[in-house]
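Participant: Quick one: structure below, then a few questions.
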Amino acid sequence: AQKITQTQPGMFVQEKEAVTLDCTYDTSDQSYGLFWYKQPSSGEMIFLIYQGSYDEQNATEGRYSLNFQKARKSTNLVISASQLGDSAMYFCAMRVFSNSGYALNFGKGTSLLVTP
Amino acid sequence: DSGVTQTPKHLITATGQRVTLRCSPRSGDLSVYWYQQSLDQGLQFLIHYYNGEERAKGNILERFSAQQFPDLHSELNLSSLELGDSALYFCASSELGSMSTDTQYFGPGTRLTVL
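Protein chains in written order, with the working numbering: chain A, 1 to 116; chain B, 1001 to 1115.
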C-alpha cells in the first residue's frame, strides 16, 4: 500500500528563520510524484512544489525547496525566511499508479505557526 | 487563484437530503478529481474523471455519484445525507491524469454541513 507519513503534527518557527517539515513515503513503484500543498485557515489547497522520482536534483520554487532522499524515501520541505503568512497546514502527497488510478495519497499534515 | 472553481462555497442541509456540488476545471485540463476532507479521515480521494469518462474510484460511498459533462465541468451528487458526510469537498483538475508527474490544482472547496 502507498503510504505518506508526516510525523510532526505541529511546528513553530520564528519569522525570518528557516523550517523543515518532514515527510516519508512508502511505495515499491519506481515512477511516482511527490507534492506539497499548503492549506491556510481559509481552507483552500495551494500547490507549492513537486519532485519526480527520477529527478536528480532537489526541486526549488522560490522560498520552498525539497530535500529529496530517494534511498531513505523522504522528501522534506524546507521553507526559508519564514513569513507570518506561511502559518498554515502543510500536506505532503504522493502520486503513483494504484487501485485509485493516479489519485493523490495525502499525509495527515503538519501545522506550522510562524511567530513574530 | 488556481483557476479551478467550485460552487457553492458553503452548503447547509438536513439529514436525508440530496445536494449537488459543482466544479469547473482549469482551462485545458481534462481530468477532474474529487476529494473529501474531514477531521477524522483526513484527505480522501473519491473519484476521478478524464474527458467525460470515469477513470478511478476511491473511498466513495454508494450514496455518492459524480459525472463529467462534455464541457468538462463536473458535478458530485451526495444523497441520503448523514451527519458524518459533513466535510470539505475539494475538486482538483490536471492536464492529463495518466502520469504520476501530472500536478493537480485544487479549487477552493465546498464546505458541507449536514444538520
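Where is the CB? At the ideal position from N, CA and C, for every residue including glycine.
Which residues in the same chain have their Cβ closer than 6 Å to the Cβ of Gly-1003 of chain B, if we skip the five residues on either side of it in sequence?
Facilitator: The residues Arg-1026, in chain order, have a CB closer than 6 Å to that of Gly-1003 of chain B in the same chain once the five nearest residues on each side in sequence are set aside.
Participant: Can you give me the C-alpha to C-alpha distance between Ser-1074 of chain B and Gln-57 of chain A, rounded to a whole angstrom?
Facilitator: 37 Å
Participant: At 8 Å on the CB atoms, spell out the chain A contacts of Gly-1058 of chain B, in chain order.
Facilitator: Ser-100 and Ala-103, listed in chain order.
Participant: Taking a contact to mean a Cβ-Cβ separation below 7 Å, would you say Met-11 of chain A touches Leu-77 of chain A in this structure?
Facilitator: Contact flag unset, no.
Participant: Could you spell out where the beta strand (DSSP E) holding Val-114 of chain A opens and where it closes?
Facilitator: 110-115
Participant: Anything in the region 1023-1047 of chain B with a Cβ closer than 7 Å to a Cβ of chain A? List those residues in chain order, please.
Facilitator: Across the region 1023-1047 of chain B, CB contacts with chain A closer than 7 Å involve Tyr-1033, Gly-1042, Leu-1043 and Phe-1045, in sequence order along the chain.
Participant: Please report how far the alpha carbon of Phe-47 of chain A lies from the alpha carbon of Leu-34 of chain A, in whole angstroms.
Facilitator: Phe-47 of chain A and Leu-34 of chain A: Cα-Cα distance of roughly 11 Å.
Participant: Spell out a yes or no on whether the region 1073-1091 of chain B and the region 1013-1023 of chain B are touching, meaning 3 or more CB-CB pairs, one atom from each, closer than 8 Å.
Facilitator: yes
Participant: Pro-1108 of chain B: buried (16+ other C-beta within 10 angstroms of its C-beta) or exposed?
Facilitator: buried
Participant: Indicate the three-state DSSP secondary structure (helix, strand or coil) for Leu-1030 of chain B in the structure shown.
Facilitator: coil
Participant: Using a beta-carbon distance below 7 Å, is Pro-1108 of chain B in contact with chain A?
Facilitator: Yes, Pro-1108 of chain B counts as interfacial toward chain A.
Participant: Hey, which unbroken runs of the beta strand (DSSP E) at 3 residues or more fall wholly within the region 1046-1094 of chain B?
Facilitator: Runs found: 1053-1057, 1064-1068, 1074-1078 and 1087-1094.
Participant: Alpha carbon to alpha carbon, how far is Tyr-32 of chain A from Gly-52 of chain A?
Facilitator: 6 Å
Participant: What does Leu-1088 of chain B touch in chain A if you count any residue whose Cβ is under 8 Å from its own?
Facilitator: Within chain A, the C-beta atoms nearer than 8 Å to that of Leu-1088 of chain B come from Gly-43, in chain order.
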